[in-house]
Amino acid sequence: MDTKITFGDLDILINYWASEMKSSQDLFHNQLEEVKSISLRTDNAEEKIKLIEFRIAVLKYQQQQLQHDIIKASTTQKDLQRILEELEKVVVADEENTIVITDVLRQQIYELSEKIDCSIYLCKDEVELLKREFKNKDSEKKKNPVEQLANVMMRLVETLDNMEIKIEKMKHATLWIDNEMQKYVRKQ
Numbered sequence: 723m724d725t726k727i728t729f730g731d732l733d734i735l736i737n738y739w740a741s742e743m744k745s746s747q748d749l750f751h752n753q754l755e756e757v758k759s760i761s762l763r764t765d766n767a768e769e770k771i772k773l774i775e776f777r778i779a780v781l782k783y784q785q786q787q788l789q790h791d792i793i794k795a796s797t798t799q800k801d802l803q804r805i806l807e808e809l810e811k812v813v814v815a816d817e818e819n820t821i822v823i824t825d826v827l828r829q830q831i832y833e834l835s836e837k838i839d840c841s842i843y844l845c846k847d848e849v850e851l852l853k854r855e856f857k858n859k860d861s862e863k864k865k866n867p868v869e870q871l872a873n874v875m876m877r878l879v880e881t882l883d884n885m886e887i888k889i890e891k892m893k894h895a896t897l898w899i900d901n902e903m904q905k906y907v908r909k910q
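Here this note's numbering is used: the first residue of the sequence shown is 723, the next is one more, and so on.
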């Protein structure tokens, strides 16, 4: 089989193979660009992976620091809570003692003022009786010892009246102190 190729056939074959070569070249060029982009993407991906690994390491370190700080804060909080509880016990004990002492003192002041009031009224009544008796006998001009005693008793009554006024002022002062203490306790 003898095949003869003419220059025209050769020219057609050359053009055909040239176009095939051109399309292969374009294909190879496209594949090269794709490989380059894949390479760049993998380089970027590797960098991203390294960056992510670095960030994870930083986050782990920060997490350890945060856990350490949380443990430290928890310990400090427990210490503060213990101190506050002890302080509350002291404050409550002091308030209870102060209130108890104040209540006892207030009660003693009230009892004393009531006794003084009662004594003043009894003395007033006795002096009034004596005064009436002496007025009935006022016709006598001479001063007898009973009259002198009545005058002394009158002065005593005046003194006791002044004491009564002072005691009333003490009562009001005690009530004011009591009100102020109750306001203070309510604020606490």
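The beta-carbon is built from N, C-alpha and C at its ideal position, and this holds for glycine as well.
Whole runs of the alpha helix (DSSP H) within the stretch 780-812, excluding any shorter than 4 residues: none
Would you verify that the beta carbon of S741 is, or is not, closer than 7 Å to some beta carbon of chain D? No chain D appears in the structure shown, which is made up of a single protein chain.
When you compare only the Cα positions, how much space is there between N901 and L878? 34 Å
Helix, strand or coil at T728 [DSSP, three-state]: coil
Nearest residue (CA-CA) to E886, options W898, S761, L897, E836: E836
Classification of L882 by the beta-carbon crowding that lies within 10 angstroms, buried from 16 upward: buried
Outcome for K891 when other beta-carbon atoms lying within 10 angstroms are tallied against a minimum of 16: exposed
Spatially closest choice to K893 from Y832, Q753, K800, by CA coordinates: Y832
I889 (DSSP reduced to helix, strand or coil): helix
Within 10 angstroms of its Cβ, does I736 collect 16 or more other Cβ (buried), or is it exposed? exposed
CA-to-CA distance, K905 to I889, given in whole angstroms: 24 Å
Which value, in whole angstroms, describes the spacing of the CA atoms of Q784 and Q803? 28 Å
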